[in-house]
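*Asks:* The sequence shown begins at 1 in full-length UniProt numbering and counts up one residue at a time.
Pasting in a structure now, in C-alpha cells, and then I'll have a few things to ask.
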Amino acid sequence: MTVISETIEKDLYVTIKNGLKSLHFDGQSIQSAMDVDDPYVLALGYSQTMMGFLLFQAQPAHLLIVGLGGGSLPKYCYRYLPGCKVTTLEINPEVIALRNEFFIPKDNERFKIIQADAVEHFAKGSASADVIMLDAYNKDGLPAELASESYYDHCRMALSEQGVLVVNLWGTDAKLSIYLERLKRVFNGRIWYCRAFNSYNVIVFASNDENHKINWIKLLFAASKLEADHALDLQGIVRRLRAGLVYVG
C-alpha cells in the first residue's frame, strides 16, 4: 500500500493498492475506495448495497447524501441517474478538499457538495429529497448525534411522501439493535435491512410511504428490470432483505 496523500493533521490518508485508491481516517480501515481504471464504479460491497434504494425509488428527482468520503455514491448517482439532482453534505472541509483525488465532479446544476453539519441542516426543516443516504463516519466511528431518534425523525420529515431513507451501519456496533429500534419507531415499522455484500455493514431502508408494503416476487421482477441499467446485483439485495440479518453468503 502506497500513501499518496495525507492531511496536515494526518487524520486523513489517501492510498493506492491493487488498482484501488482509498480514503482512510487512520491509515488502516477503508472509508471509501475507487477503481482507478473506472472511477464511477462502486468498488465496495456496502456502497453497492446502499443502491438498493432503487427498489423503492427507481427514479428520484432529488437525492441527498450525508457523508462525502471518496464520493463513490454521489458520483455513481450523478452518472447513472441523469434525471436526478445530487446534493452531498460533508462537515469536514479536509474531506471536501480531496475531491480531485477521487475525480468528483465540480458543482453544477445537478451536482453539489455543501460543507454543513447535517444535524443542523435537517433541524432547520429546509431540506427536501426523495432519497436520503446516511453514510457519515469519522475516525471514532458513527457520531452519536447522527444516530439519535430526533435526527432520524428530522430526516424522515425531509423526505417526500414516498421517500426512502438509506442508512449504513456497522454490523459489529454494540448499539446496532438500538439504532434499528429507533428507525422502526420513527418509520412506524416500515424498515427493511440486510447485510451488505462482502462486509460486516448492515444497510437499512426505511420508507416514508404509509401505504408501502413489500411483495417479494414483484420486487425481484423490478430488480431484474433495473439491472438492465445498473451493473448491480439488485436481485441479490432483494434476497438479502427478505432474509434479514440471518443471510449467509
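Ideal placement from N, C-alpha and C gives every residue a C-beta, glycine not left out.
My output table needs one value for residue 38: the three-state DSSP class, helix, strand or coil.
*Replies:* In this structure, residue 38 counts as strand in the three-state DSSP scheme.
*Asks:* Considering only their Cβ atoms, is the gap separating residue 208 from residue 242 smaller than 7 Å?
*Replies:* Against a cut-off of 7 Å, the Cβ pair of residue 208 and residue 242 comes out as no contact.
*Asks:* Along the chain, where does the alpha helix (DSSP H) that runs through residue 261 open and close?
*Replies:* Residue 261 lies beyond the stretch modelled for the chain, which goes from 1 to 249, so this question has no answer here.
*Asks:* Checking 7 Å against the spacing of the C-beta atoms, do residue 87 and residue 64 come in under that value?
*Replies:* Cβ distance < 7 Å, so residue 87 and residue 64 count as in contact.
*Asks:* What number of angstroms, rounded off, separates the C-alpha of residue 98 from the C-alpha of residue 223?
*Replies:* Computed Cα separation, rounded: 34 Å.
*Asks:* Does the beta-carbon distance from residue 105 to residue 84 come in below 7 Å?
*Replies:* Cβ atoms of residue 105 and residue 84: not closer than 7 Å.
*Asks:* How would you call residue 32, buried or exposed, if buried means at least 16 neighbouring beta carbons within 10 angstroms?
*Replies:* Buried, by the Cβ-count rule.
*Asks:* Starting from residue 122, follow the alpha helix (DSSP H) in both directions and report where the run begins and ends.
*Replies:* Its alpha helix (DSSP H) spans residues 118 to 123.
*Asks:* Leaving out five residues before and five after residue 234 in sequence, what residues of the same chain have Cβ atoms less than 7 Å from its Cβ?
*Replies:* Closer than 7 Å at the Cβ level, and outside the excluded window around residue 234, lie 52, 54, 55, 223, 226, 227.
*Asks:* Alpha carbon to alpha carbon, what distance is there between residue 184 and residue 256?
*Replies:* Missing from the structure shown is residue 256; the chain here goes from 1 to 249 and no further.
*Asks:* Ordered along the chain, which non-local residues of its own chain (more than five positions away) have a Cβ less than 6 Å from that of residue 197?
*Replies:* So the list reads 45, 48, 49, once near-sequence residues are dropped.
*Asks:* When you compare the segment 169 to 183 with the segment 146 to 154, are there three or more beta-carbon pairs, one atom per stretch, that lie closer than 8 Å?
*Replies:* Output reads yes: the segment 146 to 154 touches the segment 169 to 183.
*Asks:* Report all residues from its chain with a CB closer than 8 Å to the CB of residue 8; omit the five preceding and five following residues, and keep chain order.
*Replies:* For residue 8, the pLDDT reaches just 42, beneath the cut-off of 50, and the residue's location in the model is therefore unreliable, leaving the point undetermined.
*Asks:* Closer than 8 Å is the cut-off here; do at least three beta carbon pairs connect the segment 35 to 45 with the segment 110 to 118?
*Replies:* Cβ pair count under 8 Å is below three, so no.
*Asks:* Residue 213 to residue 191, Cα distance in whole Å?
*Replies:* Each residue's alpha carbon lies about 10 Å from the other.
*Asks:* Could you check where the beta strand (DSSP E) with residue 16 kicks off and where it finishes?
*Replies:* Its beta strand (DSSP E) spans residues 13 to 17.
*Asks:* Reducing DSSP to helix, strand and coil, say where residue 84 ends up.
*Replies:* Coil at residue 84, not helix or strand.
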